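Down below is the structure, laid out as structure tokens.
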Amino acid sequence: MQPDPLKVFIVHKGATCGSCGRDLGAKAWISLDREQGALCLQCADMDHLVFLPSGDAALTRRARKHSRLPAIVLKWSKARKRYERQGMLVEDDALARAEEECLSDADLRQRRREREAIRRAELDQQFVQQFAERIVQLFPGLPSGRATSIAEHACRKYSGRVGRTAAARELEEEAISLAVRAHIRHAETEYDELLLRGFDRDIARAEVENQIRKVLDQWKQG
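Printed below as a string of structure tokens:
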């Protein structure tokens, strides 16, 4: 059975993450935790997801079906006095698979060109390159192509991305390591599967911590 999607809220007045303590600024993207309150996407373990705007019902339905951790994005409407759906956060490969099912080859190529243009527009390409180069310096054993992917995910404009912090702008080792750890957690461990099985987030993190450290050590050694 497909799990109920999580919810992410775009808030107007900004927020502070109840876990890491960062000021997320105006128009922050947050998840709500019963104990900690507002969480940035990194602390909520949703910073690896990509945004799919509302508008294409078939694409949204298929992307949600294929994504293990879909999240509905909501924004407060002052006019209607209610939260309104803006789209969904889904996994990259889930969106790609959904597009292949929905579109012809020509339409698929056009849509991906458009999505690539949007992705480039929302990223500081020079900073992404610097971020990726710093990742390779710190983790020379990283598989080919991963550094750019990690950097792009970390530097997207959704509030709470580790690449948007002051420390990341200075290319500090801790900020770079956080981005790499987040990537390993989702791509190299069974962390997402544990969440789907009902594990508490902190317990799931503890379960995969040794795996993360092992991969980090391998990538650091080159």
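In this note's numbering, the protein residues as written are 2 to 223. Even glycine gets a Cβ: it sits at the ideal position worked out from N, Cα and C. Please read these numbers as outputs of a predicted model, since none were measured by experiment.
**Item:** residue 85, enclosing beta strand (DSSP E) - first and last residue
**Value:** Here the beta strand (DSSP E) through residue 85 covers 83-91.
**Message:** Nearest by alpha-carbon distance to residue 11: which of 205, 30, 17, 195 is it?
**Reply:** Taking residue 11 as reference, the option from 205, 30, 17, 195 with the minimal CA-CA separation is 30.
**Request:** From the DSSP output, in three-state form, read off residue 41 for me.
**Result:** Note: residue 41 maps to strand in three-state DSSP.
**Message:** Pull the bridge partners of residue 7 from the DSSP assignment, please.
**Reply:** Answer by DSSP bridge pairing, in chain order: 72.
**Message:** Determine whether the beta carbon atoms of residue 156 and residue 132 lie at a separation below 8 Å.
**Reply:** The answer is yes: Cβ separation under 8 Å.
**Prompt:** Terminal residues of the continuous beta strand (DSSP E) containing residue 24?
**Reply:** Residues 24-26.
**Prompt:** Between the C-alpha atoms of residue 47 and residue 92, what's the straight-line distance to the nearest angstrom?
**Reply:** Going from the Cα of residue 47 to the Cα of residue 92 covers about 9 Å.
**Prompt:** Is it true that the CB of residue 60 sits closer than 8 Å to the CB of residue 74?
**Reply:** At a Cβ-Cβ threshold of 8 Å, residue 74 and residue 60 do not count as neighbours.
**Asked** Where DSSP assigns a beta bridge to residue 96, which residues make up the other side?
**Response** Answer is none; residue 96 lacks a bridge partner.
**Item:** Classification of residue 160 by the beta-carbon crowding that lies within 10 angstroms, buried from 16 upward
**Value:** Unreliable positioning characterises residue 160 in this predicted model, as indicated by a pLDDT of 48, which lies under 50. The coordinate reading is nonetheless provided below. Residue 160 counts as buried, since no fewer than 16 other beta carbons sit within 10 angstroms of its beta carbon.
**Message:** Just to confirm my understanding: we take residue 2, look at its own chain, exclude 5 residues before and 5 after, and list those with CB closer than 6 Å. What are they?
**Reply:** For residue 2, the predicted model reports a pLDDT of 49, less than 50, meaning its position is unreliable and no value from the coordinates is stated.
**Item:** residue 45 versus residue 32: straight-line alpha-carbon distance, rounded
**Value:** Residue 45 and residue 32: Cα-Cα distance of roughly 6 Å.
**Item:** At least 3 beta-carbon pairs within less than 8 Å: the segment 190-197 vs the segment 206-221
**Value:** Result yes; three or more Cβ-Cβ pairs closer than 8 Å.
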